[in-house]
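Residue numbers (the numbering used here), protein chains in the order written: chain F, 37 to 318; chain G, 37 to 318; chain X, 37 to 318; chain C, 37 to 318. C-beta atoms are modelled at their ideal positions from N, C-alpha and C, and glycine is treated no differently.
4 protein chains.
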Amino acid sequence: MKFNVFTQVEYSVRSEGTLILNIHALGTAKQSIITEELLLDPYIRADELHAQQGENRLVKFGVNTDTPNIKVTYRATVNNSYEINDFSNTQEIQVSELPASVLPYLNPSRYCESDKLYRMADNMFGYISNPFEKVLTLTNWINRKVQYLSGSTNAQTSAFDTVTEQAGVCRDFAHLGIAFCRALTIPARYFTGYAYLLKPADFHACFEAYLDGKWVLFDATGLVPLNGLVKIATGQDASDSAVANIFGDVMFNNMQVSCELAEDGFEPFYYSEGEFKGLSYL
Amino acid sequence: MKFNVFTQVEYSVRSEGTLILNIHALGTAKQSIITEELLLDPYIRADELHAQQGENRLVKFGVNTDTPNIKVTYRATVNNSYEINDFSNTQEIQVSELPASVLPYLNPSRYCESDKLYRMADNMFGYISNPFEKVLTLTNWINRKVQYLSGSTNAQTSAFDTVTEQAGVCRDFAHLGIAFCRALTIPARYFTGYAYLLKPADFHACFEAYLDGKWVLFDATGLVPLNGLVKIATGQDASDSAVANIFGDVMFNNMQVSCELAEDGFEPFYYSEGEFKGLSYL
Amino acid sequence: MKFNVFTQVEYSVRSEGTLILNIHALGTAKQSIITEELLLDPYIRADELHAQQGENRLVKFGVNTDTPNIKVTYRATVNNSYEINDFSNTQEIQVSELPASVLPYLNPSRYCESDKLYRMADNMFGYISNPFEKVLTLTNWINRKVQYLSGSTNAQTSAFDTVTEQAGVCRDFAHLGIAFCRALTIPARYFTGYAYLLKPADFHACFEAYLDGKWVLFDATGLVPLNGLVKIATGQDASDSAVANIFGDVMFNNMQVSCELAEDGFEPFYYSEGEFKGLSYL
Amino acid sequence: MKFNVFTQVEYSVRSEGTLILNIHALGTAKQSIITEELLLDPYIRADELHAQQGENRLVKFGVNTDTPNIKVTYRATVNNSYEINDFSNTQEIQVSELPASVLPYLNPSRYCESDKLYRMADNMFGYISNPFEKVLTLTNWINRKVQYLSGSTNAQTSAFDTVTEQAGVCRDFAHLGIAFCRALTIPARYFTGYAYLLKPADFHACFEAYLDGKWVLFDATGLVPLNGLVKIATGQDASDSAVANIFGDVMFNNMQVSCELAEDGFEPFYYSEGEFKGLSYL
């Protein structure tokens, strides 16, 4: 399905510094970038770089007080692509059978302290034998128990906080989902993207669990159809997949984001309890 | 310098499970493996795999209750190789000048919550302009203030705990050093290895800071000469560079480690306050 | 019912210091001390003092290196006294109706961070209207979910840790019970005592909730009959009701505790789900 | 010195609930209330109650949706009274010499986790032998290192956070001062009051340390003269001495506070490094 995505971010620069932005739609075999444009106003040379761990497309540029106000505009038309598979007969697999590239996603990370959640996750979800059902159940638990509350958390909030305090935003919902999965020995990673129908419009975060050899998408917020996402990045958590990393005395001022259909025929897809159909982006 | 390194680890297996061990000396252009042997008793097929993020050599194998006791033996003769450079004139560099492969080591991680230490690190060490001196000073601060106390911490202890509670073991000393560096916008990574003259013999952990285009070694414990290490792995922190990851009901029983000289002429090298000579493994 | 209680604690003294022990059975209108003896060997003058907040009987004495080994022996015969009431028709009451002396037990405290558990407690237990049933249900939840595991926690572990990590000892079980109650606006306090039938013999900790004008006992460990306790102290949590507070370089070496029947006819009393009979010490 | 103090607080009431306010100036032998008035608009019967642990004067009243908007007004003319003593020759005293009423202020509490700060406090301030100088030095350290930053913390922030994150408001400054003192075996308690010359006008929090048999005032914020305070309450920390405790769905809307001179001749008093004159309210 084709989407037009757009973002415009403005910064005030008060010292020499560096901005690393993670706002480009990912270009993969199956998520094709039809047109794309990045503008820095005023013009600054920016390097596109690929994060060490994957295919994420970062843009990095130095700033200084010669240009005290920077406006970054990105717009693209992207054709995303996904598949829906049936996980009714998914089995737990031993870690020894997992590919090496997937193993890092079993580790605890800055915002997903799965090492502190083993007993809790096992007490809550360990009884479920089908791994897809396990992840769907924990996703629904987060959706029902954690209150979506803007401003209740900050950039330091982690899954260990959220599991108890039970309030947060999409980033916190994703971190908790990931932490539960890893605590249950299911590889999981953070997913950021442009999201069709997200209100208010913003970047979105959710997560993917590795099931039957596929990265299957889950979104504990339930705010958007699962098939309306344009992938930007995947990673351990927001520590390596944040939309922006700012170094120096540079202030974020203002941001606009949008994600609109570029063709007709979109049919929203959500998971339902009791069904075992999972969506994977390609 | 040539070293004979050795480890033997025993596990009791009570369920199906997986062991991922990170005990192989790294083989690089400049750290050459002269001889090497890995034995699993009883014999189990093991896969060597390279961690996604680098050159670390992991060994992965499945276990089950058919072999309730497993003994893993690794021995190697390794020629390590390092250089010592002068950092007297090292300058701070902007993040925008760093290579892409180094940027992940500015992120906070599970055990190195640098995002919580910005003001503290800046208050303590921000006044020092030479980055080498900055890292040496913070390393010495850890050495003087944090008490080396076996059993005072556990696998969940992080730099945020250690900076306040001021007790721990080599892993905790390394995590705190890394967290301070990253909070000061200096890339830093975890380093594990075999350590000559470490008493009692054990695996060792310290850290590397990225200065003047090199990964320079620092060891806040001060327990061993810096040039007596045989590198096993580098990574974000113990979450991706631990000696062992165990999945399933498998109990660690017993471990021996040794690191001995395989040739003459070793001259121990330590840093001194006021000097600006830094050691980098190659 | 009459019990013989006994404890003997030994300390090594390496500097000038102070010991404050909280090992005396409480003497109240209804818990009578029949005989009692406190011995310090070698003899040191000790002051009995009453904690500011209540009737707890502390013993305080200075130590120094003239007496490098101290043995404290306490033995008493105590007649405890309790009542069992029916809480089938207990109603929630407004805070405005609570007596002033009870209000402090709604506050969060060092080991009972109820202020972080509001949403979680409400999500888990808020639907239950009878307050006795609410406390019984949360007590049973702790009993089923938290693993009793000696050595898994330390003196710094708090309810915020335990609710997630789900392992601990009697102190941790009590702290979590208290934190849940306070988060649900039910006053709750820490209770320590000698415990008949506790194996291995030790001091015991549980908690009381304020219901229908009475302090009703709950024990999430389920290790002992509720009517076999000889009360030592009540308080906010272990921060003001610990068995011992040590100041100076004084090492705890060894402890024995016992609690035996001094008369016949003991019939163990436990709560059952679905029943609404609660026990209060007098 | 005479002061006119005033506060007006407005709440929206959305459910049955209870408000407990701690806004009355303390009336003691030496802080005399000359005139005083409390108004609830609309009128609700309020109980004045004394907190269990001391002389604090709380006002408690039930609210419900019959009165959806409540305005509480308090105004008083108060004559405070203090003494200034010389602590040049103050000695450390053993805990065994402290009065029983002071001992609770050595315990860790919800927002002052002194039990986690022993090594850090000793490393930083343990070398200072005069206890007044010790407390003055740690107070000045907080003043220099911790950034006063409105909105950087919330009601759950504790000294363990602040010592590392080094930003906060007066409450956080006080909690850290208390935690350091207790970690150094100096009793310390939270102090709230009306504060002359505080800008912007608000309630103020600082702390008292127990030195030479007196509760001596320290204020790490340095925002106001130490002799311009009208005491409201002292306690363990904000958990028992907060200005307001709200139970039920009641929203704080708006607050005004003022503290003005009611007579001439005020001479502001601050501590100076190197001087050993300490102020105690009577």
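So for residue 117(C), helix, strand or coil by DSSP? coil
Where does residue 42(X) land, buried or exposed, given buried means 16+ other C-beta within 10 angstroms? buried
Please report the distance separating the alpha-carbon of residue 82(C) from that of residue 313(C). 41 Å
Quick test of your reading: residue 57(G) and residue 280(G), contact by CB under 8 Å. State the CB separation rounded to the nearest angstrom. 5 Å
Leaving out the 5 sequence neighbours to the left and right, which residues in its chain are closer than 8 Å to residue 158(F) when beta-carbon positions are compared? Cβ neighbours of residue 158(F) beyond the five flanking positions: 219 and 220.
What does residue 213(X) reach in chain C if we use C-beta pairs closer than 8 Å? The contacting residues do not exist; residue 213(X) stays about 17 Å from chain C at best.
Residue 287(G) - DSSP class collapsed to helix/strand/coil: strand
Residue 38(G) and residue 121(G): beta carbons closer than 8 Å? no
Beta carbons nearer than 7 Å to chain X: which residues of the region 187-203 of chain F have them? Within the region 187-203 of chain F, the residues whose Cβ lies closer than 7 Å to some Cβ of chain X are 196, 199, 200, 201, 202 and 203, listed in chain order.
Inter-stretch contact at 8 Å, needing at least 3 Cβ pairs: the region 294-313 of chain X / the region 261-272 of chain C: The region 294-313 of chain X is not in contact with the region 261-272 of chain C.
Taking C-beta pairs closer than 9 Å, name the residues in chain X that residue 151(C) reaches, listed in chain order. 146, 191, 192 and 275
For the region 170-188 of chain F, which residues have a beta carbon sitting closer than 7 Å to at least one beta carbon of chain X? 181 and 183
Under 8 Å, do residue 215(F) and residue 149(F) count as touching if we go by C-beta distance? yes
Nearest by alpha-carbon distance to residue 169(C): which of 247(C), 291(C), 145(C) and 277(C) is it? 247(C)
Who are the near neighbours of residue 305(G) in its chain, counting only those whose CB is closer than 8 Å to its CB and skipping five residues on each side? Once the five neighbours on either side are set aside, the close Cβ partners of residue 305(G) are 120, 261, 262, 263 and 315.
Excluding five sequence neighbours on each side, which residues of the same chain lie with their C-beta closer than 7 Å to the C-beta of residue 283(X)? 53 and 54
Taking beta-carbon pairs under 7 Å, can you tell me which members of the region 94-108 of chain F lie near chain G? 96, 97 and 98
On the CB-based measure, 16 or more other CB atoms within 10 Å of its CB, does residue 20(C) come out buried or exposed? With chain C covering 37 to 318 only, the question about residue 20(C) has no answer from this structure.
Please return the same chain residues whose Cβ sits closer than 7 Å to the Cβ of residue 173(X), not counting the five positions on each side in sequence. 161 and 164
Does chain X have any CB closer than 8 Å to the CB of residue 155(F)? yes
Should residue 139(X) be flagged as near chain C, meaning a C-beta pair shorter than 8 Å? yes
Assigned secondary structure, residue 240(F) (DSSP; H/G/I helix, E/B strand, else coil): strand
So the candidates are 111(X), 134(X), 104(X) and 97(X); which of them puts its Cα closest to the Cα of residue 136(C)? The residue with the shortest Cα to Cα distance from residue 136(C) is 97(X).
Spatial neighbours of residue 229(F) within its chain, please: CB distance less than 7 Å, with the 5 preceding and 5 following residues excluded, ordered by chain position. 240, 265, 266, 267 and 268
Residue-level contact to chain G via CB, residue 159(C), 8 Å cutoff: yes
Report the rounded CA-to-CA distance for residue 60(F) versus residue 199(F), giving the unit in angstroms. 31 Å
When you compare each of 192(G), 107(G), 75(G) and 186(G) to residue 236(G) by their alpha carbons, which one comes out closest? 186(G)
Starting from residue 52(F), find everything on chain G with Cβ-Cβ shorter than 8 Å and list it in chain order. 130
Which full runs of the alpha helix (DSSP H) of 4+ residues lie inside the region 109-180 of chain F, going along the chain? 154-161
Start-to-end residues for the beta strand (DSSP E) that takes in residue 199(C): Where residue 199(C) is concerned, there is no enclosing beta strand (DSSP E), although the alpha helix (DSSP H) it sits in stretches over 195-201.
Can you find a CB in chain X that lies within less than 8 Å of the CB of residue 57(C)? no
Which word fits residue 275(C), buried or exposed, when buried means at least 16 other C-beta atoms lie within 10 angstroms of its C-beta? buried
Taking only three categories from DSSP, how would you classify residue 93(C)? strand
On a Cα-Cα basis, can you pick out the residue from 85(F), 92(F), 113(F) and 49(F) that is closest to residue 73(F)? 113(F)
Using three-state DSSP, classify residue 53(F) as helix, strand or coil. Correct three-state label for residue 53(F): strand.
Boundaries (first-last residue) of the alpha helix (DSSP H) holding residue 209(G): 206-219
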